[in-house]
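Comments concern the structure below.
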């Protein structure tokens with residue numbers, strides 16, 4: 745078995761034991777990109793059922809591969825707490841990068857929000873297509889980093905609805921804290937985040953668009969239970985904030 749094969753992971757929906765033919769993209773990834781060969785072992789996971797299993801390559805065809813899958817069990821690599829991100833719509837491919845980073849850093853859900861100053865506004869079919877794209881980004885990032893439970897991606901929702909959805913998801917067991925990141929924050933994030941993590945509950949973070957949040961949106965965040973927090977004197981770009989705050993959580997959690 746190649747060392748690369750032993751570390752490889754691939755998402756498979758409706759995961760069950762036995763022989764499984766692979767679709768074209770999965771076959772290409774395993775046998776063209778990772779160069780797995782006959783007999784190599786890998787891990788496969790179901791991102792919806794949060795299950796995973798070991799599998800062996802029985803046909804290493806980059807167009808039509810096949811695996812022999814063991815009995816699935818609960819995913820081994822899972823987030824230790826609910827970690828929910830509200831991210832305002834952003835232009836270009838920024839949102840893709842944010843969802844990718846959030847997945848790698850342990851977010852359990854990303855709720856895309858429509859903010860008043862969002863440069864991009866999508867509705868209807870375009871919104872659904874964007875959402876499906878972001879879900880694929882999360883699944884691919886989970887495959888890359890070894891997670892068995894990619895975050896759920898929802899939206900776009902209006903700002904106030906997105907905040908309520910985030911609090912609901914973060915407090916499924918208990919809520920450790922909810923923070924709206926803003927340069928004019930009432931508190932500095934660092935000490936407040938340390939205190940929230942010691943409470944061992946879910947966490948929610950809300951981030952505005954490139955143009956920032958309006959006073960009305962900041963007020964709505966406060967009403968929803970979010971503490972407005974800053975990074976001190978630093979003003980970060982919207983695509984930087986999520987990685988900064990989620991990275992801090994992972995370090996403080998001891999991961």
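Numbering (the working numbering), first residue to last: 745 to 999. Ideal Cβ placement from N, Cα and C applies to all residues, glycine included.
Proximity winner among the options, relative to residue i (alpha-carbon distances)
| i | options | result |
| --- | --- | --- |
| residue 812 | 988, 843, 764 and 779 | 764 |
| residue 841 | 939, 949 and 880 | 880 |
| residue 797 | 846, 825, 990 and 818 | 818 |
| residue 930 | 777, 766 and 976 | 976 |
| residue 776 | 820, 993 and 808 | 808 |
| residue 949 | 943, 838 and 911 | 911 |
| residue 997 | 815, 782, 872 and 939 | 939 |
| residue 816 | 990, 805, 829 and 791 | 791 |
| residue 814 | 947, 936 and 799 | 799 |
| residue 758 | 915, 793, 774 and 871 | 793 |
| residue 774 | 920, 893 and 810 | 810 |
| residue 901 | 936, 865, 918 and 889 | 865 |
Local conformation of residue i per DSSP, three classes
| i | result |
| --- | --- |
| residue 920 | strand |
| residue 929 | coil |
| residue 1005 | Residue 1005 lies beyond the stretch modelled for the chain, which goes from 745 to 999, so this question has no answer here. |
| residue 896 | strand |
| residue 944 | coil |
| residue 891 | coil |
| residue 752 | coil |
| residue 907 | helix |
| residue 875 | helix |
C-beta neighbour in chain D for residue i, strict 9 Å
| i | result |
| --- | --- |
| residue 840 | Of the protein chains in the structure, only one exists, and it is not chain D. |
Burial state of residue i, where buried means 16 or more other Cβ atoms lie within 10 Å
| i | result |
| --- | --- |
| residue 845 | buried |
| residue 767 | exposed |
| residue 760 | exposed |
| residue 870 | exposed |
| residue 872 | exposed |
| residue 747 | Note on residue 747: pLDDT 48, under 50, position unreliable in the model; the coordinate value appears next. Answer is exposed; the Cβ neighbour count stays below 16. |
| residue 921 | buried |
| residue 837 | exposed |
- prompt: Is the segment 851 to 863 touching the segment 824 to 840, taking contact as three or more C-beta pairs under 8 Å?
  reply: These segments touch.
Beta strand (DSSP E) runs wholly inside the segment 759 to 818, at least 3 long, in chain order: 762 to 765, 785 to 790, 795 to 803 and 810 to 813
- prompt: Pairing CB atoms from the segment 916 to 930 with CB atoms from the segment 961 to 971, are three or more of them under 8 Å?
  reply: yes
Any alpha helix (DSSP H) of 4 or more consecutive residues that is wholly inside the segment 963 to 999: Counting only runs that start and end inside the segment 963 to 999, the alpha helix (DSSP H) elements of at least 4 residues fall at 982 to 997.
task: Would you check if there are 3 or more beta carbon pairs closer than 8 Å linking the segment 968 to 976 to the segment 899 to 917?
output: yes
- request: Report yes or no: do three or more beta-carbon pairs, one from the segment 785 to 800 and one from the segment 754 to 770, lie closer than 8 Å?
  value: yes
- prompt: Going along the chain, which unbroken runs of the alpha helix (DSSP H) with 4 or more residues stay wholly within the segment 816 to 869?
  reply: Counting whole runs of 4 or more residues, the segment 816 to 869 contains the alpha helix (DSSP H) stretches 838 to 848.
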